[in-house]
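*Asks:*
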Amino acid sequence: MKRSFVLFVTLMAVWLLLSGHYNATLIAYGVLSCVGVVALMAHLEILDHEALPAHLGFRLFLYIPWLLKEVVLSNFAVAKVILTPSLPIHPRILRIKASQKTQVGQVAYANSITLTPGTVTLDVRNGHFIVHALTLDSAEGLLSGEMDRRVAHMEVHAAIHEGHAPDTAADIGNRSERS
Amino acid sequence: MMEVGREIGVWILLVAGSVFCVIGGIGMIRLPDFYTRSHAASITDTLGATLILLGLALYSGFNLITVKLFFVLFLLYITSPTAAHALVKAAYSKGLDAPDLEDVTEIGGATSSSADSATLRPDAKGVN
Amino acid sequence: MSVFFVAMIGVLTTMLLALARAFMGPTVFDRVLAANMFGTKTVLLIAVSGFMLGRPEWLDLALLYALMNFTGMIALLRFSKFDNLANDEQIK
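Chains as they are written, first to last, in the working numbering: chain A, 922 to 1100; chain B, -9 to 118; chain C, -11 to 80.
1. Would V956 (chain A) pass as an interface residue toward chain B - the criterion being a Cβ-Cβ separation below 8 Å?
2. Against chain C, does V9 (chain B) count as a neighbour if the rule is that its beta carbon must be under 8 Å from one of theirs?
3. Give me whichever residues DSSP pairs with V1041 (chain A) in a beta bridge.
4. Got a sec: is the Cβ-Cβ distance from P1012 (chain A) to anything in chain B below 8 Å?
5. Would you kindly check if the distance between the Cβ of V(-6) (chain C) and the Cβ of S50 (chain B) is under 8 Å?
6. Just the Cα atoms here: how many angstroms apart are L33 (chain C) and I1003 (chain A)?
7. DSSP beta-bridge partners for L91 (chain B)?
8. Specify the secondary structure class of R924 (chain A) as computed by DSSP and reduced to three states.
9. List the endpoints of the continuous alpha helix (DSSP H) containing H942 (chain A).
10. Which word fits F58 (chain C), buried or exposed, when buried means at least 16 other C-beta atoms lie within 10 angstroms of its C-beta?
11. Establish whether the CB of K84 (chain B) and some CB of chain A are separated by less than 8 Å.
12. So that I know if they touch, is there some Cβ in chain C lying closer than 8 Å to that of M18 (chain B)?
13. Do G14 (chain B) and I33 (chain B) count as a contact pair if the criterion is CB distance below 8 Å?
14. Given that a residue counts as buried once 16 or more other Cβ atoms are within 10 Å of its Cβ, and exposed if not, what is M(-8) (chain B)?
15. Contact defined as beta carbons within less than 8 Å: I believe I62 (chain B) pairs with A54 (chain C). What is the distance between those atoms, to the nearest angstrom?
16. Assuming V1028 (chain A) contacts V78 (chain B) under a Cβ cut-off of 8 Å, what Cβ separation, rounded to an integer in Å, is found between them?
17. Any idea if P1009 (chain A) is buried or exposed, counting beta-carbon neighbours within 10 angstroms, 16 or more meaning buried?
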């Protein structure tokens, strides 16, 4: 119920921001649409902590600036590599360990890896990621494990805060095999 | 004075954004295989798009347009890694030519396990 | 010459390069990657040209393009994997 309400408020805020017209008819349409979406999601039973990771909380706002800094730095590094005439790339496929315990945490980590140019997640298998790295520097940055630590830090706090049993990494492995 | 500063800021952001986009495009042509090219695409999707949209946001000042610009940016940041991952995962699981899988525990200590990669990718090669 | 014109030239150049990669291939994945990049650049092109022509409302179109590009790409990949958009039965 709490989740439904949070989702409704979020959807309504998005509606109001995107529409830009504030008269009774259009706002009524907005309310109807948002109620419809929330009802549909409740009916499909997909309104869980995965659909609405509100429990990540404020730690997310500490992680995002760091991630943006990393993205900018690796953008410059990869741009330099592309513009160097000799093209000094060293493509490798690495298996690295993801120490996050929840699915949301692993998704956040995998997406952060992919968002950073120079590294891209190929697959997730039983708590390990298969990652393609473009240069030696990007591979080293990945192996230093700082991003892993930061995502895990954000998530550990969240799990305590929420107090629910997280999905295990093995569960994620099963899912990826099934898909 | 304020206006001139803003004008210069818009110029710098938009030109830098276009430069990064073009660099990504050049990488798309220059890099040798599919997996490396996906990194070039991620340059244009992250910094190129961010700088251009930030430039537009600075130009428009703070109003509903800015909110929409940040919405586009947020959407790009969510969808672009998802799309990139879906694509490379499809390519990898179909066995598109790739470097061997390495099990690395620390920097420099690379131990390539060829047996493992053979079992993980039974149908390597032969995809067009 | 307005700065938007410069940005547009940059974005259009990138689109041309992506298109060149889409024609060159060599694998289907290269083509999909190039098409996806082309789609993202379309979003930027619409946004920039909207500002250039004094019609920033075009951002709504850009937003729609971003969503459609994402959906289209996932649909394409599902189709290449399952040969079907409806169910999860993998092709043999």
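The beta-carbon is built from N, C-alpha and C at its ideal position, and this holds for glycine as well. None of these values were measured; they are calculated from a predicted model.
*Replies:* Concretely, from the data shown:
1. Residue numbering aside, residue 956 (chain A) sits at position 35 when the first sequence is read from its first letter. Closer than 8 Å: no.
2. The residue you call residue 9 (chain B) lines up with position 19 of the second sequence. Chain C contact via Cβ: present.
3. In the first sequence, residue 1041 (chain A) corresponds to position 120, counting from 1. A:H1053.
4. One-based indexing of the first sequence puts residue 1012 (chain A) at position 91. P1012 (chain A) counts as touching chain B.
5. Position 60 of the second sequence, counting from 1, holds the residue named residue 50 (chain B). Position 6 of the third sequence, counting from 1, holds the residue named residue -6 (chain C). No, these two residues do not count as a Cβ contact at 8 Å.
6. If you number the third sequence from 1, residue 33 (chain C) lands on position 45. If you number the first sequence from 1, residue 1003 (chain A) lands on position 82. Whole-angstrom Cα-Cα distance: 24 Å.
7. Here the question's residue 91 (chain B) lines up with position 101 in the second sequence. Per DSSP, A:I1014.
8. Working through the first sequence from its first residue, we reach residue 924 (chain A) at position 3. Three-state result, R924 (chain A): helix.
9. Here residue 942 (chain A) refers to the residue found at position 21 when the first sequence is read from its first residue. That residue, H942 (chain A), is in no alpha helix (DSSP H); it is neither H nor E in DSSP.
10. Numbered from its first residue, the third sequence carries residue 58 (chain C) at position 70. When all chains shown are included, F58 (chain C) counts as buried.
11. If you number the second sequence from 1, residue 84 (chain B) lands on position 94. It does not; no Cβ of chain A falls within 8 Å.
12. Along the second sequence, read from residue 1 onward, the residue named residue 18 (chain B) stands at position 28. Closer than 8 Å: yes.
13. By one-based count along the second sequence, residue 33 (chain B) stands at place 43. By one-based count along the second sequence, residue 14 (chain B) stands at place 24. Yes, Cβ-Cβ distance for I33 (chain B) and G14 (chain B) is below 8 Å.
14. Counted from its first residue, the second sequence places residue -8 (chain B) at position 2. M(-8) (chain B) comes out exposed.
15. Taking the first residue of the second sequence as 1, we reach residue 62 (chain B) at position 72. Taking the first residue of the third sequence as 1, we reach residue 54 (chain C) at position 66. In the sequence as displayed, the identity of residue 62 (chain B) is Val instead of Ile. Sure, about 6 Å apart at Cβ, within 8 Å.
16. As a position in the first sequence, residue 1028 (chain A) is number 107, starting the count at 1. As a position in the second sequence, residue 78 (chain B) is number 88, starting the count at 1. At roughly 16 Å, the Cβ-Cβ gap does not stay under 8 Å, so V1028 (chain A) and V78 (chain B) are not in contact.
17. Along the first sequence, one-based indexing puts residue 1009 (chain A) at 88. By the 10 Å Cβ count, P1009 (chain A) comes out exposed.
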